[in-house]
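Enquirer:
2 protein chains.
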Amino acid sequence: MDQSIKVFAPASVANVAVGYDILGFALEKPGDEIVARFSEKAGFRISLITGDKGKLPYEVPKNTAGFAAYSLLKHLGESERGIELEIHKKMPFGSGLGSSAASAAAAVFAINVLLGSPLSKKELLHFAVLGEQVADGAYHADNVAPSLLGGMVLIRNNKDLDVHTLPVPDKLYASVVYPHIKILTKDARGVLKPDVPLDKVIQQTGNMAGFIISLFRSDFDLLSRSLNDVLIEPQRATLIPHFYQVKKAALDNGAIGCSISGAGPSIFALSKGKESATEIVNAMAKVFSDQGIQVEKFVSPINQSGAIRL
Amino acid sequence: MDQSIKVFAPASVANVAVGYDILGFALEKPGDEIVARFSEKAGFRISLITGDKGKLPYEVPKNTAGFAAYSLLKHLGESERGIELEIHKKMPFGSGLGSSAASAAAAVFAINVLLGSPLSKKELLHFAVLGEQVADGAYHADNVAPSLLGGMVLIRNNKDLDVHTLPVPDKLYASVVYPHIKILTKDARGVLKPDVPLDKVIQQTGNMAGFIISLFRSDFDLLSRSLNDVLIEPQRATLIPHFYQVKKAALDNGAIGCSISGAGPSIFALSKGKESATEIVNAMAKVFSDQGIQVEKFVSPINQSGAIRL
């Protein structure tokens, strides 16, 4: 058994226009790294956090990765074992790219590998979601599941973690821009009305169904028609300045679709092929930089691996 | 060119628990028959209606089949041609089994065949929906599309008729009971609240996604978990006496799922294999007959043919 394990878990895009709280996909980069190792000292602890500008707590129950790892260790009857965790944040907080989910996914994956992989990735999911819940308050897997499992993931039901990895057409690429604007997930949730009009629900449900069909049939035209959020995006777009200009820039440059990543402020677009995705991300980023807003950009195929050992 | 054409279009189950207004499937029986023939007398007319107990109008613009056929003839520049239509209703009205849709689908299919099939079935769909609109007031294809095209059909968007025929697992059977209770579609629509809670929408969208995935993967367990209507059924079930007992009878006898067919009062269940479907339909029907309510029952695989020439 190895004495020390280093893993990576990627960022993810949740909601994906048509699947509020139940759909997400993993990016190749950015992501978080976590080291888990056996230690002489009994019990579980967080020994080091880097890249967080001092913002993350060392107290296990308050730390996403810490609580996820501890919950898993408790389940395995190993909570008294001497194990320490290093958390290396390599991606931005509050970006809408599943930063806390990446930490939680990496944490449970690292612990599991360290202990000889007693559980499957799917079995680990519950514990990662418990960690994510520390940051987000809600038990949902739309970031954690893709970060851990990889791929495009549908969570039919968050409560039961009824998760399904969907087929992804060859050449499907994501372009993501993260403008340096602050939006808290709880504000992004707060802006949503508790009720939605039935006619919009019918449209959105049709779009979700069309989205799933398009993936199984590699039908990019149907994917494009389906990637249209009539429920959540109109409510949240107000929180992101220049959102509609960025979306227009993406679509004008050939994007299949474009919407808010998770609770924002990051914005994602999907397209066919890396070259197109690169042009799109540049056009999207230019809207923000022209306004003097600092912006990070990422281009990635759908990451099929999820959490991996480094 | 034949001088006379006789066709059949089948009944259908719309909504299918998770796809209010956007999902439907065709049954093998019952259904309507329509005869279209050339006539000496110029212009289009309805020459005979049987099986309707005198309820259906002969005036073309007021008759579902008549208006569908006339709309198609006008589109083809053949509205002055001497053509007459016989409508033979062979299925109940107001049953929630797409009676008017079957007539509309049969009408356009008959006219098209009579004229040497200038259009594809998909091209005919718009005209059949125009006919259905006469009966229902709304332009939607959740009964017409399966009745015409056959199969399990998702209508991503009714306005654009973006329709998709879904794969259906072998041995998927429908059990349908039609209790002789009167519900008008407009009453069934009237009972629905214009807004729905977002948390229920998330559940329903997850179920729709799960439903589609289950069909592509022939996953009966996922189909069963997904076939759960948390939005519409709770509102409409009150219109159908003994609904929950019938549903329980279906599920207790091995049904994968059970819900209201269209606007009701018919109730459908899905199951695996004809034998199971027959047991289920008998158990469902018994609940009504024990209460002294007359009930018709149907067992059918998913009809893959839709409208056919007889």
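Residue numbers (our numbering), protein chains in the order written: chain Y, 44 to 353; chain E, 44 to 353.
Heads up, the beta-carbon is just placed ideally off N, CA and C, and yes, glycines get one too.
1. Any residues in the segment 185-198 of chain Y with a beta carbon nearer than 8 Å to a beta carbon of chain E? Which ones, in chain order?
2. Can you grab the Cα-Cα spacing for the pair residue 182 of chain E / residue 238 of chain E, in whole Å?
3. Measure the C-alpha to C-alpha separation of residue 106 of chain Y and residue 57 of chain E and round it to an integer number of angstroms.
4. For residue 259 of chain E, which residues in chain Y fall below 7 Å Cβ to Cβ?
5. With a cut-off of 8 Å on the beta carbons, I'd call residue 103 of chain Y and residue 87 of chain Y a contact; round off their distance for me.
6. Buried or exposed for residue 213 of chain Y, please, with buried defined as at least 16 other CB atoms from any protein chain shown within 10 angstroms of its CB.
7. Taking 8 Å as the threshold (beta carbon to beta carbon), is residue 62 of chain Y in contact with chain E?
8. Excluding the five sequence neighbours on either side, which residues of its own chain have a C-beta within less than 7 Å of the C-beta of residue 85 of chain Y, listed in chain order?
9. Check the C-beta distance from residue 140 of chain Y over to residue 151 of chain Y and give it rounded, since I have them as a contact under 8 Å.
10. Is DSSP giving residue 134 of chain Y helix, strand or coil here?
11. Find out if the Cβ-Cβ distance for the pair residue 191 of chain E, residue 345 of chain E is shorter than 8 Å.
12. Short check: CB of residue 154 of chain Y to CB of residue 79 of chain Y, under 8 Å?
13. Which residue comes first and which comes last in the beta strand (DSSP E) that contains residue 78 of chain E?
14. Identify the contact partners of residue 55 of chain Y in chain E, using a Cβ-Cβ distance below 9 Å as the criterion.
15. Examine the ligand ATP and report whether any of its heavy atoms sits within less than 7 Å of the Cβ of residue 134 of chain Y.
16. Suppose you measure from the CA of residue 259 of chain E to the CA of residue 311 of chain E; what does that come to, to the nearest Å?
17. Using only CA atoms, which one of Y:46, Y:52, Y:48 and Y:47 lies nearest to residue 348 of chain Y?
18. Just checking, does the segment 238-247 of chain E make contact with the segment 289-306 of chain E on the three C-beta pairs under 8 Å criterion?
19. Note down the Cα distance separating residue 245 of chain Y from residue 133 of chain E, rounded to an integer number of angstroms.
20. Determine the extent of the alpha helix (DSSP H) in which residue 109 of chain E is found, giving its start and end residues.
21. Give every residue of the same chain whose Cβ lies closer than 7 Å to the Cβ of residue 254 of chain Y, excluding the five residues on either side of it in the sequence, and list them in chain order.
22. For the candidate residues Y:95, Y:128, Y:176 and Y:142, whose alpha-carbon lies nearest to that of residue 109 of chain Y?
23. Use the C-beta contact count for residue 319 of chain Y: other C-beta atoms within 10 angstroms, 16 or more gives buried, fewer gives exposed.
24. Going by other Cβ atoms of all chains shown within 10 Å of its Cβ, with 16 needed for buried, is residue 290 of chain Y buried or exposed?
25. With respect to the beta strand (DSSP E) encompassing residue 215 of chain E, which residues constitute its N-terminal and C-terminal limits?
26. Could you tell me whether the segment 60-76 of chain Y touches the segment 269-288 of chain Y, where touching means 3 or more Cβ pairs closer than 8 Å?
27. So, with DSSP's three-state summary, where would you put residue 57 of chain Y?
28. Using a Cβ-Cβ distance cut-off of 8 Å, determine whether residue 269 of chain E contacts chain Y.
29. In chain E, which residues lie less than 7 Å from residue 239 of chain Y when you measure between Cβ atoms?
30. In chain order, which beta strand (DSSP E) runs of at least 3 residues are fully inside the segment 166-198 of chain Y?
31. CB residue 231 of chain Y to CB residue 306 of chain Y, shorter than 8 Å?
32. Hey, how far is the Cα of residue 210 of chain Y from the Cα of residue 262 of chain E?
33. Compare the C-beta of residue 252 of chain Y with all C-beta atoms of chain E and state if any pair is closer than 8 Å.
34. Starting from residue 314 of chain Y, trace the beta strand (DSSP E) both ways and give me its first and last residue.
35. Residues of chain Y with a CB under 8 Å from the CB of residue 65 of chain E: which are they?
36. Measure the CB-CB distance between residue 332 of chain Y and residue 219 of chain Y and report whether it falls below 8 Å.
Expert: Put simply:
1. 197 and 198
2. For the purposes of this step, residue 182 of chain E is taken as residue 139 along the second sequence, with counting starting at 1. For the purposes of this step, residue 238 of chain E is taken as residue 195 along the second sequence, with counting starting at 1. Whole-angstrom Cα-Cα distance: 20 Å.
3. Start at 1 with the first residue of the first sequence, and residue 106 of chain Y comes out as number 63. Start at 1 with the first residue of the second sequence, and residue 57 of chain E comes out as number 14. Looking at the two C-alpha atoms, the distance is approximately 48 Å.
4. Position 216 of the second sequence, counted from the first residue, corresponds to residue 259 of chain E. Within chain Y, the residues near residue 259 of chain E are 259.
5. Position 60 of the first sequence, counted from the start, is the residue given in the question as residue 103 of chain Y. Position 44 of the first sequence, counted from the start, is the residue given in the question as residue 87 of chain Y. 7 Å between Cβ atoms; contact.
6. By one-based count along the first sequence, residue 213 of chain Y stands at place 170. Exposed.
7. On the first sequence, position 19 is the one that residue 62 of chain Y refers to. At least one chain E Cβ lies under 8 Å of residue 62 of chain Y.
8. Taking the first residue of the first sequence as 1, we reach residue 85 of chain Y at position 42. Here the set comprises 123 and 125.
9. Counting from one through the first sequence, the residue named residue 140 of chain Y turns up at place 97. Counting from one through the first sequence, the residue named residue 151 of chain Y turns up at place 108. At roughly 19 Å, the Cβ-Cβ gap does not stay under 8 Å, so residue 140 of chain Y and residue 151 of chain Y are not in contact.
10. By 1-based counting over the first sequence, the position of residue 134 of chain Y is 91. Here residue 134 of chain Y sits in coil by DSSP.
11. As a first step, residue 191 of chain E must be located in the second sequence, where it is residue number 148. As a first step, residue 345 of chain E must be located in the second sequence, where it is residue number 302. Going by C-beta atoms, residue 191 of chain E is not nearer than 8 Å to residue 345 of chain E.
12. In the first sequence, the residue the question calls residue 154 of chain Y occupies position 111. In the first sequence, the residue the question calls residue 79 of chain Y occupies position 36. A contact, by the Cβ cut-off of 8 Å.
13. Within the second sequence, numbered from 1, the residue matching residue 78 of chain E stands at position 35. Per DSSP, residue 78 of chain E belongs to the beta strand (DSSP E) from 66-81.
14. Residue 55 of chain Y sits at position 12 when you count from the first residue of the first sequence. By Cβ distance, chain E contributes nothing, its closest Cβ being about 17 Å from residue 55 of chain Y, past 9 Å.
15. Among the components of this structure there are no ligands whatsoever, and the ligand ATP is therefore not found.
16. For this step, residue 259 of chain E is matched to residue 216 along the second sequence. For this step, residue 311 of chain E is matched to residue 268 along the second sequence. Taking the straight line from one Cα to the other gives about 21 Å.
17. For the purposes of this step, residue 348 of chain Y is taken as residue 305 along the first sequence, with counting starting at 1. Nearest of Y:46, Y:52, Y:48 and Y:47 to residue 348 of chain Y, Cα basis: Y:52.
18. no
19. Counted from its first residue, the first sequence places residue 245 of chain Y at position 202. Counted from its first residue, the second sequence places residue 133 of chain E at position 90. If I take the Cα positions, the gap works out to 31 Å.
20. In the second sequence, residue 109 of chain E corresponds to position 66, counting from 1. Per DSSP, residue 109 of chain E belongs to the alpha helix (DSSP H) from 107-118.
21. Residue numbering aside, residue 254 of chain Y sits at position 211 when the first sequence is read from its first letter. Closer than 7 Å at the Cβ level, and outside the excluded window around residue 254 of chain Y, lie 61, 266, 269 and 270.
22. The sequence position of residue 109 of chain Y within the first sequence is 66, counting from 1. Checked all of Y:95, Y:128, Y:176 and Y:142; the closest Cα to residue 109 of chain Y is Y:128.
23. To locate residue 319 of chain Y, count along the first sequence from 1; it is residue 276. Label assigned to residue 319 of chain Y: buried.
24. Taking the first sequence and counting its residues from 1, the one referred to as residue 290 of chain Y is at position 247. It is buried - the Cβ of residue 290 of chain Y has at least 16 other Cβ atoms within 10 Å.
25. For the purposes of this step, residue 215 of chain E is taken as the residue at position 172 of the second sequence. From DSSP, the beta strand (DSSP E) with residue 215 of chain E extends over 215-222.
26. yes
27. Position 14 of the first sequence, counted from the start, is the residue given in the question as residue 57 of chain Y. Three-state DSSP puts residue 57 of chain Y in a strand.
28. Mapped onto the second sequence, residue 269 of chain E falls at position 226. Yes, its Cβ sits closer than 8 Å to a Cβ of chain Y.
29. One-based indexing of the first sequence puts residue 239 of chain Y at position 196. Those within 7 Å of residue 239 of chain Y in chain E are 238, 239, 241 and 244.
30. none
31. Locating residue 231 of chain Y in the first sequence gives position 188, where the first residue counts as 1. Locating residue 306 of chain Y in the first sequence gives position 263, where the first residue counts as 1. Taking 8 Å as the Cβ cut-off, residue 231 of chain Y and residue 306 of chain Y qualify as a contacting pair.
32. As a working mapping, residue 210 of chain Y is identified with position 167 in the first sequence. As a working mapping, residue 262 of chain E is identified with position 219 in the second sequence. Roughly 15 Å separates the two Cα atoms.
33. Along the first sequence, read from residue 1 onward, the residue named residue 252 of chain Y stands at position 209. With 8 Å as the cut-off, residue 252 of chain Y counts as an interface residue toward chain E.
34. On the first sequence, position 271 is the one that residue 314 of chain Y refers to. Residue 314 of chain Y -> beta strand (DSSP E) spans 310-315.
35. As a position in the second sequence, residue 65 of chain E is number 22, starting the count at 1. The contacting residues are 245, 248, 249 and 252.
36. Mapped onto the first sequence, residue 332 of chain Y falls at position 289. Mapped onto the first sequence, residue 219 of chain Y falls at position 176. Taking 8 Å as the Cβ cut-off, residue 332 of chain Y and residue 219 of chain Y do not qualify as a contacting pair.
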